[in-house]
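What follows is a single structure, written as structure tokens, with notes after it.
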Amino acid sequence: MLREAIYHRPKQNWAYAYDNKTIHLRVRTKRGEADEAFVIAGDKYAWEQTRYVVPMKPLASDELFDYWEAEAVPPLRRLKYGFRFRSGNEELYMSEKGFSSVEPENYLTLFEFPFLNPADVFEPPAWVKDAVFYQIFPERFANGDSSLNPAGTLPWGGAPTPTNFFGGDLQGVIDHLDHLVDLGVNAIYFNPLFEATTNHKYDTKDYMKVDPRFGSNEKLKELVDACHAKGIRVLLDAVFNHSGKEFPPFVDVADKGPDSPFADWFHVREFPLRVENGIPTYDTFGFEPIMPKLNTENAEVKRYLLDVARYWIEEVGIDGWRLDVANEVDHAFWRELRSVVKGLNPEAYILGEIWHDSIAWLQGDQFDAVMNYPVTEAVLDFFARGVIEAVPFANTIGNQLAAYPRQVVEASFNLLGSHDTPRLLTVCGEDERRMKLATLFQLTFPGTPSIYYGDEVGMNGGGDPHCRGCMVWEKDKQNKELFEFFAAAIRLRHNHEALRSASFKFLVANGGLLVYERLSSDNSERLVVAMNVSEQPVEVVLPRATAGQSWTPIFGEALVEETGGPMKAELAAFGYSIWRC
Numbered sequence: 376m377l378r379e380a381i382y383h384r385p386k387q388n389w390a391y392a393y394d395n396k397t398i399h400l401r402v403r404t405k406r407g408e409a410d411e412a413f414v415i416a417g418d419k420y421a422w423e424q425t426r427y428v429v430p431m432k433p434l435a436s437d438e439l440f441d442y443w444e445a446e447a448v449p450p451l452r453r454l455k456y457g458f459r460f461r462s463g464n465e466e467l468y469m470s471e472k473g474f475s476s477v478e479p480e481n482y483l484t485l486f487e488f489p490f491l492n493p494a495d496v497f498e499p500p501a502w503v504k505d506a507v508f509y510q511i512f513p514e515r516f517a518n519g520d521s522s523l524n525p526a527g528t529l530p531w532g533g534a535p536t537p538t539n540f541f542g543g544d545l546q547g548v549i550d551h552l553d554h555l556v557d558l559g560v561n562a563i564y565f566n567p568l569f570e571a572t573t574n575h576k577y578d579t580k581d582y583m584k585v586d587p588r589f590g591s592n593e594k595l596k597e598l599v600d601a602c603h604a605k606g607i608r609v610l611l612d613a614v615f616n617h618s619g620k621e622f623p624p625f626v627d628v629a630d631k632g633p634d635s636p637f638a639d640w641f642h643v644r645e646f647p648l649r650v651e652n653g654i655p656t657y658d659t660f661g662f663e664p665i666m667p668k669l670n671t672e673n674a675e676v677k678r679y680l681l682d683v684a685r686y687w688i689e690e691v692g693i694d695g696w697r698l699d700v701a702n703e704v705d706h707a708f709w710r711e712l713r714s715v716v717k718g719l720n721p722e723a724y725i726l727g728e729i730w731h732d733s734i735a736w737l738q739g740d741q742f743d744a745v746m747n748y749p750v751t752e753a754v755l756d757f758f759a760r761g762v763i764e765a766v767p768f769a770n771t772i773g774n775q776l777a778a779y780p781r782q783v784v785e786a787s788f789n790l791l792g793s794h795d796t797p798r799l800l801t802v803c804g805e806d807e808r809r810m811k812l813a814t815l816f817q818l819t820f821p822g823t824p825s826i827y828y829g830d831e832v833g834m835n836g837g838g839d840p841h842c843r844g845c846m847v848w849e850k851d852k853q854n855k856e857l858f859e860f861f862a863a864a865i866r867l868r869h870n871h872e873a874l875r876s877a878s879f880k881f882l883v884a885n886g887g888l889l890v891y892e893r894l895s896s897d898n899s900e901r902l903v904v905a906m907n908v909s910e911q912p913v914e915v916v917l918p919r920a921t922a923g924q925s926w927t928p929i930f931g932e933a934l935v936e937e938t939g940g941p942m943k944a945e946l947a948a949f950g951y952s953i954w955r956c
């Protein structure tokens, strides 16, 4: 076996406590090389009396590697462990000290999980696994109170620009909550609601005040209460990386320079504040001069922002925070924020905006989840753009599933579009067939799906600002058939626990054909999902049904061929079907 391909480390996604009694252990081998893998485990103080062997199961694969996983239940909460691999007639053992052809005689050379402390178990909120989010860009969702309209508000439905306003507000959301209930979503993620100068509100002026163009703090409390009454959780956007140009401390620094008591609230390289060759003399979001970066290492800044996080949970009852530009804020601040938020509401969801591998933020001391953009891009490349086939897609997904602990996968925020990206239908080239397949994968994949407002009724648009158009409320302009597809797929997810578990296994990945299996957490339910991302019909051979049961189609359409042997089905071009046994 190729030893250079074999990898494990006793931390992060490779060795972690899943619950108060179970440790998950993972190891990597060269793809297709190992026939079997085992964990040899026991207590370091009573090795001879407690030694046992646990077979490992294939977790996932990517282009280069197979990933194996085993659940170990240490009898005395401590664990010494090593690995045994078999490939044909070859056996190989791995310990912390390296490899050998026989089991190490000295168990002290093995890897160690020192003690399973319940306080160290990473437990994202349980409700998140059952949530389907709906993202709302408030200025463009619905105008429910025209008295709040800013000067120059345009008629609803006009072309969006970076600077125009259409009067969306909180009352508009309240007026249309039944639309969300009919769709089946049970959580909302709002883009920023706090006072700011722009239509997107990422340039905060007052973190303690709802923007007057949206309503008031009292109106937000009314909205949150109305959502909770309908079983809908509410997540607000926290822009703690930077403020806005009208944030009073920044105004004071701009006026007084280094003499301002707030001078250390920001990262100023040179006074006076100015922009030279397009780059401000102070750190900002990107190079945007109206979004000065906050110094979250400053004690006063920390106290202010933590008070903000505390206020909206205590006074309004929100269910969590989405953290903007989360990878540019120091880890120490996020740890303090988690302590504050979880101290107020242990079930609050803390979601970071990070577009890349995020294991450093997902150790249980900072975020519950991140926006899962690596999966987003893979899904879009395969289903929407059609630039990769099933094999590289499956490899990418396998790599992502192995990159994080199981509880992180269960709580990951899976999106196909947002205010920062072109709309899904546009990425699909206006092809609803591709859009449906991408959405169905999203809703049958582990993690928490998020629907961007308007996608369910067929809204399109390129990148910012075109992805931020006014929600279409005229019934004759909505794509009713598409809405029904979204609603049916969301109902399917709610009705089948197997689609909300972390279990996921590819059965077939070939050309445009993708087939995968989902199991419920207690293995009582087994689902197979098949999709054909091609212009030609394809045949699908279903795996052997569970003993005493048979496959029953529960979603989609497929022509089933009864042969007396394995069940076969034909998927039409861009067809899909889900079976249960």
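According to our numbering, the sequence shown is numbered sequentially starting from 376. Don't be surprised by glycine CBs; every beta carbon is placed ideally from N, CA and C.
Query                                                                                                                   : Result
Buried/exposed call for Lys594, threshold 16 Cβ in 10 Å                                                                 : buried
Rounded distance between the beta-carbons of Lys584 and Thr572, thought under 8 angstroms                               : The pair is not a contact, with the Cβ atoms about 13 angstroms apart (cut-off 8 angstroms).
Of the residues Leu874, Arg403, Val913, Ser909, the one placed nearest Leu894, counting alpha carbons only              : Leu874
Other residues of its chain near Glu487: CB distance less than 6 angstroms, five sequence neighbours each side excluded : Lys455
Distance between beta carbons of Gly543 and Asp578, contact taken as under 8 angstroms                                  : Not quite, the Cβ-Cβ distance comes to about 17 angstroms (not below 8 angstroms), so this is no contact.
Three-state secondary structure (DSSP) of Phe615                                                                        : coil
Assigned exposure category for Tyr420 - 16 Cβ within 10 Å defines buried                                                : exposed
Beta-bridge pairing of Met906 - partner residues as DSSP gives them                                                     : Leu889, Tyr951
Sufficient close CB pairs (3 or more, under 8 angstroms) joining the region 406-425 to the region 437-454               : yes
Rounded separation between Leu867 and Lys668 - CA only                                                                  : 43 angstroms
Bounding residues of the alpha helix (DSSP H) (the contiguous stretch that carries Ala765)                              : 765-778
Beta-bridge partners of Asp441, as assigned by DSSP                                                                     : Thr404, Ser436
Collapsed DSSP secondary structure at Met810 in the structure displayed                                                 : helix
Beta-carbon proximity of Ser793 to Gln510, cut-off 8 angstroms                                                          : yes
C-beta atoms of Lys386 and Phe440 nearer than 8 angstroms                                                               : no
Status (buried if at least 16 other CB within 10 Å, exposed otherwise) for Ile398                                       : buried
DSSP-derived helix/strand/coil call for Trp696                                                                          : strand
Sequence-distant residues of its chain with Cβ nearer than 7 angstroms to Asn673 (five each side left out)              : Asp639, Trp640
Extent of the continuous alpha helix (DSSP H) to which Pro821 belongs                                                   : No alpha helix (DSSP H) holds Pro821; DSSP gives it neither H nor E.
Segment contact, 8 angstroms Cβ cut-off, at least three pairs: the region 595-611 with the region 620-639               : no
Proximity of Leu529 and Arg588 at Cβ, strictly below 8 angstroms                                                        : no
Straight-line gap, Ser733 to Tyr564 (C-alpha atoms, nearest Å)                                                          : 20 angstroms
Gln510, enclosing beta strand (DSSP E) - first and last residue                                                         : 508-511
DSSP state of Ser475 mapped onto helix, strand, coil                                                                    : strand
Whole-angstrom C-beta distance between Leu610 and Arg697, which should lie under 8 angstroms                            : 5 angstroms
Other residues of its chain near Asn835: CB distance less than 7 angstroms, five sequence neighbours each side excluded : Arg798, Leu800, Thr801, Glu805
Residue of His731, Phe508, Gly718, Ala905 minimising C-alpha distance to Asp682                                         : Gly718
Other residues of its chain near Ala753: CB distance less than 7 angstroms, five sequence neighbours each side excluded : Phe768, Thr771, Ile772
Unbroken beta strand (DSSP E) run spanning Val428, endpoints                                                            : 427-430
Between the CA atoms of Leu491 and Ala392 - distance to the nearest angstrom                                            : 7 angstroms
Other residues of its chain near Phe540: CB distance less than 6 angstroms, five sequence neighbours each side excluded : Pro525, Thr528, Asn574
Spatial distance of Tyr951 from Leu776 (CA atoms)                                                                       : 23 angstroms
Stretch pair the region 885-893 + the region 908-923: three plus CB contacts closer than 8 angstroms                    : yes
Contacting residues, own chain, Cβ-Cβ under 6 angstroms from Thr819 (five flanking each side not counted)               : Leu874, Val904
Three-pair Cβ contact test at 8 angstroms for the region 783-790 versus the region 498-510                              : yes
Test item: CB-CB of Leu351 and Ala944 under 8 angstroms                                                                 : Nothing in the structure corresponds to residue 351, since the chain is present only between 376 and 956.
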